[in-house]
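The structure under discussion appears below in the form of structure tokens.
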Amino acid sequence: MPEQLTAPGPRPAVLVYRHPGAPAVVLRQVCAGVEEEGVPTDVTEVPGPDDATALAHAAAGESRLGVGIGLDAAGAAAVHHGTLPEGTPVVTTPAQALSSDWRRVGRIAARVVKHLPLV
Amino acid sequence: MGAREGAPPEGLLVVGVDIGNSTTEACLAVVAPDGSITYLGTDLTRTTGVKGTPDNTEGALKAIRGALASAGRSAGQVETVLLNEATPVISGLAMETITETIITESTMIGHNPTTPGGGGLGVGTTRSIGELGEQQPGEPVVCVVPHGWDFDDVAATLNAAVAAGVDVVAAILAGDDAVLVTNRLARPIPVVDEVSAVEKVPLGMLAAVEVAAPGRTIRTLSNSYGLATVFDLDPVQTRQVSPVARALTGNRSAVVVRTPTGDVTDRRIPVGELVLHGAGKTLRVDVDAGAEAIMEVVGRAQPLDDARGEPGTHVGGMLAQVRDTMADVMDVAGQPDVPVSDIAIRDVLAVDTFVPAEVRGGLAGEVALENAVALAAMVRTSRSRMQLVADLVSEGLGAAAGIGGVEGEMAVGGALTTPGVDRPIAVLDLGGGSTDAALLTREGECTAVHVAGAGELVTKLIDSELALGDREVAEGVKWFPLGKVESFFHLRHEDGTVEFVDQPLPPHVFARVVVLTPDGPAPVPTRHGLDHVRRVRREAKRRVFVVNALRALRQVAPGGNLRALEFVVLLGGSALDFEIPDMIADALAPHGIVCGTGNVLGTEGPRNAVASGLVRAHAALVAEEARCRSS
């Protein structure tokens, strides 16, 4: 189930750009974090740069909500917003993180969309 | 004032120094033989040590040297340094909750997880998710899920149980998974999550779980008769659970578990009587009656000789605590300790407040608002060591130094240099511990009073009412206007104006209520909206400073009549506040009083009043001597 990529829907969504090598368990928890907040996600596999922040920045630029998540091959994650410079993502987590940290990445992305404090 | 262009003014160099609780101010001037004054410069620095102790010398010397440097003068030229005699009062604060909600058994979970799942009301018997397989079909079940369960597994287990005929009507989760689980259920049920102490939920008991739609609050479990209906309660039992209903009001989700011995008590602690001695009377007032009643009685016992609390009650404890603190402050090394019984409380300010306290026995960090009373009390002290500070300053500077006058009178003199004021003039010194008023009549008579309660009490009220638990954050809320960060690039100020910023705002302030400090926005750690924080801040200031301004001015006004006052000048640290001066001016306007923040020497704002008043008092003496010599 988590490997399944969703097609862009008619509604805007948080875009998740994952490197093809990104661990499935990270993607699953990140998407669960967004879903728990009631915000939709669209996941795209991007073979380009293996850098979470660059992927997140690119995703945020494409997202109609202006919010993107990047996952690199090692499992590092980043959240970006379309108005922010590439060098200053909203949040990042390193490759070696707990599942609660990945969940938090998704939650923060959703809370940027919902304009709620990023906790 | 007498100085010709270019020529240095003739006369003797004098420095007035005001050592306050937080700042030390200096005023440098030349006093001519006829008593006319030429002001040369001022300086301001942090007070070193506790006011009235030898530690103040360092700050005093720094301020004096700063003023000398700004005027290009040297310490050797100084004729005399004049220090203030400190206001002979010390203030103390105490706060005590007078109600307490205790759950003696685990009976309710009433909290607002940000994202509960599903909706509606489910009533059934609590069962652990691990036991769901053994459950017989038919009986309604509320499923309890401990920490460590994955949301897919929870949903699969619940779906399997429902498929097997088990009537699962609701779920209680430890983790933040409610939406994830409900999205995966074949049959929608209400789900409450983020119940941190889920292992304390009793199993095998009848429970009700309610989740309201987004933007709504629960209707059944917050209604006493709703609880009576759900749990089939008789009138006696309904009365017992009514505190539960009250505690759950306003929540989006709640759980109530009926345990045989469980009940919630809404206990009122005996607060006790405040006994006031003053004006030849002894008056008693029950602190339960609230701040307004207490202050009315305090007003009738003016001037107060002492206040005591009934021993063994809260108020007795509060006043004992204030007395103990003050005895410590007044103790001087090398002198016998001040006996606590000798400390007479000369003024009391009572303020109604509320304290968000965690409900004892709650399972999810539930918070109940408990009523509380805050008391500020003030004692007189005869032990001032300003003369010692003056001796040390004299030694350090190599010039004469002495006590130039008492604060209140000096402040009036300094305030008179504010453009547009005249006698009769009253000053209100809005300090940290006490609010002081002084009146100078047209005839030149000066009276001064001190009342308990000022900036420190405001900070304490803000801190406890917003449950900040951090004095520094509360100070920030008091001092700076609020804003709400609305995106990474714009924030809305409390007056509604929106400001765009060039640099992105940091993520830790995103969507937060912030205080706009000079160093940038700082988040206020609260779930309350901006309007609530603003209301708490303004109410705290009103209940302390507006109440005390009126109280202190009535005590100095002839016949207690505010209409007899003409000019009121606000001084002190809190006169620099962005709204307190306006609030006081609004309160005084109906009495035909001109009220505003002072502008000492036309340049210093509400600062430097005492320091420049010391110079004026000294100049008046010089002029007097000159008159005596000539006649």
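Chains as they are written, first to last, in full-length UniProt numbering: chain A, 1 to 119; chain B, 1 to 631. Don't be surprised by glycine CBs; every beta carbon is placed ideally from N, CA and C.
Item, Value
"Three-state secondary structure (DSSP) of residue 80 of chain A", "strand"
"C-beta contact flag for residue 18 of chain B and residue 585 of chain B at 8 angstroms", "no"
"Contact set for residue 476 of chain B: own chain, Cβ-Cβ below 7 angstroms, skip 5 residues either direction", "515, 517, 522"
"For residue 582 of chain B, the first and last residue of its enclosing alpha helix (DSSP H)", "580 to 588"
"Neighbourhood of residue 393 of chain B by C-beta, 8 angstroms cutoff - its chain only, sequence neighbours within 5 removed", "17, 57, 60, 61, 64, 81, 83, 401"
"Residue of A:61, A:83, A:103 minimising C-alpha distance to residue 503 of chain B", "A:83"
"Beta-carbon proximity of residue 343 of chain B to residue 307 of chain B, cut-off 8 angstroms", "no"
"Inter-residue CB distance, residue 356 of chain B and residue 252 of chain B (contact presumed, cutoff 8 angstroms)", "That pair is no contact at about 18 angstroms."
"CB contact check: residue 80 of chain A to chain B, cutoff 8 angstroms", "no"
"Bridge-paired residues (DSSP) for residue 28 of chain B", "B:15, B:41"
"Touching by the beta-carbon criterion (3+ pairs, under 8 angstroms), the region 13 to 25 of chain A and the region 170 to 180 of chain B", "no"
"Under 8 angstroms (Cβ pairs) to chain B, residues found in the region 76 to 105 of chain A", "81, 83, 84, 85, 88, 90, 91, 103"
"Option in B:42, B:118, B:351 with minimal Cα separation from residue 36 of chain A", "B:118"
"Minimum Cβ-Cβ distance from residue 177 of chain B to chain A less than 8 angstroms", "yes"
"Reference residue 210 of chain B, options B:204, B:202, B:203, B:219, closest by Cα", "B:219"
"Start-to-end residues for the beta strand (DSSP E) that takes in residue 242 of chain B", "It is not in any beta strand (DSSP E) - residue 242 of chain B instead sits in the alpha helix (DSSP H) that spans 235 to 248."
"For residue 418 of chain B and residue 405 of chain B, the rounded distance between their alpha carbons", "20 angstroms"
"Distance, residue 75 of chain B Cα to residue 397 of chain B Cα", "6 angstroms"
"Expected contact under 8 angstroms - CB spacing of residue 546 of chain B and residue 533 of chain B to nearest Å", "At roughly 19 angstroms, the Cβ-Cβ gap does not stay under 8 angstroms, so residue 546 of chain B and residue 533 of chain B are not in contact."
"Beta-carbon neighbours of residue 38 of chain A, restricted to chain B and to distances below 8 angstroms", "115, 179"
"Terminal residues of the alpha helix (DSSP H) in which residue 151 of chain B lies", "151 to 163"
"Inter-stretch contact at 8 angstroms, needing at least 3 Cβ pairs: the region 136 to 154 of chain B / the region 220 to 231 of chain B", "no"
"Contact residues within the region 461 to 492 of chain B, judged by C-beta distance below 8 angstroms to chain A", "486, 487, 488, 489"
"Within chain A, the residues that residue 511 of chain B reaches when beta carbons sit closer than 9 angstroms", "111, 112, 114, 115, 116, 117, 118"
"Residue 390 of chain B versus B:423, B:443, B:619, B:54, residue with shortest Cα-Cα distance", "B:54"
"Test: residue 500 of chain B CB closer than 8 angstroms to a CB of chain A", "no"
"Close-in-space but distant-in-sequence residues of the same chain around residue 468 of chain B (CB under 6 angstroms, 5 per side omitted)", "474"
"Inter-residue Cα distance where the pair is residue 55 of chain A and residue 46 of chain A", "8 angstroms"
"Segment contact flag, the region 537 to 551 of chain B with the region 453 to 470 of chain B, C-beta cutoff 8 angstroms, min 3 pairs", "yes"
"Proximity winner among A:28, A:41, A:107, relative to residue 59 of chain A (alpha-carbon distances)", "A:41"
"Residue 595 of chain B versus B:235, B:626, B:618, B:563, residue with shortest Cα-Cα distance", "B:563"
"DSSP-derived helix/strand/coil call for residue 107 of chain A", "helix"
"Beta-carbon neighbours of residue 151 of chain B, restricted to chain A and to distances below 8 angstroms", "32"
"Min CB distance residue 183 of chain B to chain A below 8 angstroms", "yes"
"Residue-chain proximity (residue 507 of chain B, chain A), Cβ-Cβ < 8 angstroms", "yes"
"CB contact check: residue 35 of chain A to chain B, cutoff 8 angstroms", "yes"
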